[in-house]
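Just add 55 to wherever you are in the sequence shown, counting from 1, and you've got this note's numbering.
Here a beta-carbon is modelled for each residue, glycine too, at the ideal position from N, C-alpha and C.
All values derive from a computational prediction rather than experimental measurement.
Heads up, the thing below is written out as structure tokens.
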Amino acid sequence: MQQTQTQQIQTLIFGDKTVTYVGKTYPTGSIACQALAIPDEVLTALLPLCCKIAPVNTLIKTQATDKGVLLAAGKAAHALFQLMGQYEPFTFMAQPEIHDRLDQVFTVDACKKIVPYYRKFSAQQIDDAAYERYSATADLILLTPAIANLYDALTTLQQKLGAFAAELDAADADRTQAAYLTTFNERFPADFRMGDGTDTWLSMNNVTVQYVAGKVPGGDKMQMLKHMHFVSFGGMLRADFFEGLAVGHAPKRCGNCGQWFLTTDARHTKYCGNVCPDDPKHRTCRQIAALKGREYRELADDHPLKAVYDTRMNSIDHSLRRGTLDAALGAEMKRLAKSKLERALSNSMYANGSYRDEMTQEALKNEALGQL
């Protein structure tokens with residue numbers, strides 16, 4: 056039985072240094088990093104919406120039905136999804152089909168089916184027909200506690216893991232996997248007691264894990280994928296944060312706009328690739344920093360992305376000198392290569408994905424021929 060889209064909201068799929076969330080694949084750690092960057096005013100607007108959804112938890116526990124409570128919760132859920140749909144990693148919440156599904160979930164009919172659903176579930180009688188009949192009820196049971204707790208999950212993440220991320224982002228700290236894990240071990244030593252009431256933000260309960268061999272969306276190689284389904288957003292975001300550290304990915308504050316962004320290598324990158332919110336020309340923070348002078352630029356000549364670009368420029372120049380490449384074609388290949396470098400510097404998914412394949416001599420030549 057396939058998960059409904061609302062159930063995917065609480066599922067992460069970890070691959071080789073990647074995490075897939077509701078069909079989109081990012082470098083591991085991106086989901087938590089994006090959640091760290093959600094503005095305070097958004098969280099302030101989120102709180103009353105969560106409070107209106109929370110009473111449905113009581114209906115589920117007592118197996119009661121209250122049309123007024125469900126109606127208010129349904130309206131709040133729509134508003135919550137519309138609000139959070141403006142920000143990564145929750146932009147999928149603005150999709151019309153998600154809102155259509157909410158209309159089916161927060162209903163008297165779905166609530167009345169809680170008792171028979173539990174009976175079927177306990178007796179392990181949830182076949183395809185039963186799943187279809189009770190899918191809205193299952194969504195109600197799984198989704199309500201998660202979104203009712205979303206404000207607490209995000210504020211705890213920003214307060215607790217935000218402080219820890221700031222330690223990792225210290226000016227003299229190395230941005231390597233070993234350095235991250237050393238800091239983690241100092242903050243949470245091996246004898247750190249779990250579940251004593253002081254560390255619940257670090258613990259994850261009721262997590263379902265399944266290992267599957269497959270391909271990430273857009274990928275071409277088989278991997279061992281770890282599917283993790285969570286009962287809360289708090290556990291989900293913490294898992295992504297720590298899985299990111301395990302592969303050398305960590306949040307960093309942009310030296311220009313102050314927002315969190317994810318670094319995936321050991322370079323001391325200072326600026327994010329997002330559009331600066333205060334720039335009338337809609338330039339990225341990296342572009343603005345580059346204009347401030349050479350001493351502010353973060354790219355050294357040995358930057359791995361720039362090294363790919365420099366290698367390709369040299370090979371194009373060599374072909375031009377030998378006369379094996381037309382001047383107009385060579386100029387177009389150079390233009391495309393420069394554009395791809397700039398895109399890779401501002402888009403880590405592209406940089407870690409198809410950038411190098413697109414920068415081969417043959418790939419650039421074929422693309423340039425299509426442009427001329």
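Q | Residue from GLU397, LYS389, HIS284, CYS106 whose Cα sits closest to the Cα of ARG338 | A | Position 283 of the sequence shown, counted from the first residue, corresponds to residue 338. Ranking GLU397, LYS389, HIS284, CYS106 by Cα distance to ARG338 puts GLU397 first.
Q: Round the Cβ separation of GLY428 and ALA418 to the nearest angstrom and send it over; I've been treating them as touching at under 8 Å.
A: Residue 428 is absent from the structure shown; the chain starts at 56 and stops at 427.
Q: Spell out the partners DSSP gives VAL330 in its beta bridges.
A: Counted from its first residue, the sequence shown places residue 330 at position 275. Bridge pairing for VAL330: THR339 [DSSP].
Q: Provide the residue span of the beta strand (DSSP E) that contains GLN265, from first to last.
A: If you number the sequence shown from 1, residue 265 lands on position 210. Residues 263-269.
Q) For PRO272, which of helix, strand or coil comes out of DSSP? A) The count along the sequence shown starts at 1 and reaches residue 272 at position 217. Coil, per DSSP.
Q. By Cβ distance, which residues of its chain are closer than 7 Å to ALA132, with the 5 residues on each side in sequence left out?
A. If you number the sequence shown from 1, residue 132 lands on position 77. Result list for ALA132: ILE108, LEU157, PHE161, ILE202, in chain order.
Q: Classify CYS312 as buried or exposed, calling it buried when 16 or more other Cβ atoms lie within 10 Å of its own Cβ.
A: For the purposes of this step, residue 312 is taken as the residue at position 257 of the sequence shown. Burial call: buried.
Q) How many Å lie between LEU384 and ASP71 at the Cα? A) For the purposes of this step, residue 384 is taken as the residue at position 329 of the sequence shown. For the purposes of this step, residue 71 is taken as the residue at position 16 of the sequence shown. Cα-Cα distance, rounded: 37 Å.
Q. Taking just the CA atoms, how far does GLY290 sit from ASP95?
A. Taking the sequence shown and counting its residues from 1, the one referred to as residue 95 is at position 40. Taking the sequence shown and counting its residues from 1, the one referred to as residue 290 is at position 235. Their Cα atoms are separated by approximately 21 Å.
Q | Neighbour-count burial assignment, PRO272, 16 or more Cβ in a 10 Å radius | A | By 1-based counting over the sequence shown, the position of residue 272 is 217. Answer is exposed; the Cβ neighbour count stays below 16.
Q: Have a look at GLU350 and ARG322 and give me their C-alpha separation to the nearest angstrom.
A: Along the sequence shown, read from residue 1 onward, the residue named residue 350 stands at position 295. Along the sequence shown, read from residue 1 onward, the residue named residue 322 stands at position 267. For GLU350, the pLDDT reaches just 43, beneath the cut-off of 50, and the residue's location in the model is therefore unreliable, although a value from the coordinates is still provided. Approximately 16 Å between the Cα atoms of the pair.
Q | Three-state class that DSSP yields for THR199 in the structure shown | A | Here residue 199 refers to the residue found at position 144 of the sequence shown. Of the three classes helix, strand and coil, the one that applies to THR199 here is helix, per DSSP.
Q: Alpha carbon to alpha carbon, how far is GLU222 from LYS79? Give it in angstroms, no decimals.
A: Position 24 of the sequence shown, counting from 1, holds the residue named residue 79. Position 167 of the sequence shown, counting from 1, holds the residue named residue 222. Taking the straight line joining both Cα atoms gives about 29 Å.
Q | Backbone CA spacing between THR324 and ASN260 [nearest angstrom] | A | Against the sequence shown, residue 324 aligns to sequence position 269. Against the sequence shown, residue 260 aligns to sequence position 205. Rounded to the nearest angstrom, the two C-alpha atoms are 35 Å apart.
(Q) Let me confirm a value: CYS106 is counted as buried when at least 16 other C-beta atoms fall within 10 Å, else exposed. Which label applies? (A) Taking the sequence shown and counting its residues from 1, one reaches residue 106 at position 51. It counts as exposed.
Q: Leaving aside the five residues before and after GLN426 along the sequence, list all residues of the same chain whose C-beta is less than 6 Å from its C-beta, in chain order.
A: The residue labelled residue 426 in the question sits at position 371 within the sequence shown. GLU387.
(Q) Are the CB atoms of ALA392 and ALA399 within a distance shorter than 7 Å? (A) Indexing the sequence shown from 1 puts residue 399 at position 344. Indexing the sequence shown from 1 puts residue 392 at position 337. Not a contact, by the Cβ cut-off of 7 Å.
Q) Going by beta carbon distance, what residues of the same chain come within less than 7 Å of ASN369, once the five residues before and after it are set aside? A) Taking the sequence shown and counting its residues from 1, the one referred to as residue 369 is at position 314. Around ASN369: no qualifying Cβ.
Q | Sequence-distant residues of its chain with Cβ nearer than 7 Å to ALA234 (five each side left out) | A | By one-based count along the sequence shown, residue 234 stands at place 179. ALA228.
Q: Write down every uninterrupted run of the alpha helix (DSSP H) in the region 379-414 whose length is 4 residues or greater and which is fully enclosed by it, in chain order.
A: Whole alpha helix (DSSP H) segments, 4+ residues: 382-401, 403-407, 410-413.
(Q) I'd like to check one pair, GLN89 with GLU152: are the Cβ atoms closer than 7 Å? (A) To locate residue 152, count along the sequence shown from 1; it is residue 97. To locate residue 89, count along the sequence shown from 1; it is residue 34. No, the Cβ-Cβ distance between GLU152 and GLN89 is not below 7 Å.
Q | C-alpha distance - GLN232 paired with GLU241, whole-angstrom precision | A | Reading the sequence shown from its first residue, position 177 is the one you call residue 232. Reading the sequence shown from its first residue, position 186 is the one you call residue 241. Their Cα atoms are separated by approximately 14 Å.
Q: Below 8 Å CB to CB, which residues in the same chain sit around GLN278 once its five sequence neighbours on both sides are set aside?
A: The count along the sequence shown starts at 1 and reaches residue 278 at position 223. Result list for GLN278: GLY70, ASP71, ALA268, GLY269, LYS270, VAL271, in chain order.
Q) What three-state label does DSSP hand GLN214 in the structure shown? A) Locating residue 214 in the sequence shown gives position 159, where the first residue counts as 1. Three-state DSSP puts GLN214 in a helix.
Q) Exposed or buried, what is TYR326 when buried is set at 16 or more other beta-carbons lying within 10 Å of its beta-carbon? A) Along the sequence shown, one-based indexing puts residue 326 at 271. With 16 or more other Cβ atoms within 10 Å, it is buried.
**Q.** Rounded straight-line distance, which links the Cα of CYS331 to that of GLN314
**A.** The residue given as residue 314 occupies position 259 in the sequence shown. The residue given as residue 331 occupies position 276 in the sequence shown. Roughly 10 Å separates the two Cα atoms.
(Q) For the beta strand (DSSP E) containing LYS79, name the first residue and the last one. (A) Residue 79 sits at position 24 when you count from the first residue of the sequence shown. 79-82 is the extent of the beta strand (DSSP E) around LYS79.
Q) When you compare each of VAL163, THR192, GLN159 to ARG174 by their alpha carbons, which one comes out closest? A) Counting from one through the sequence shown, the residue named residue 174 turns up at place 119. When each option's Cα is compared against that of ARG174, the closest is THR192.
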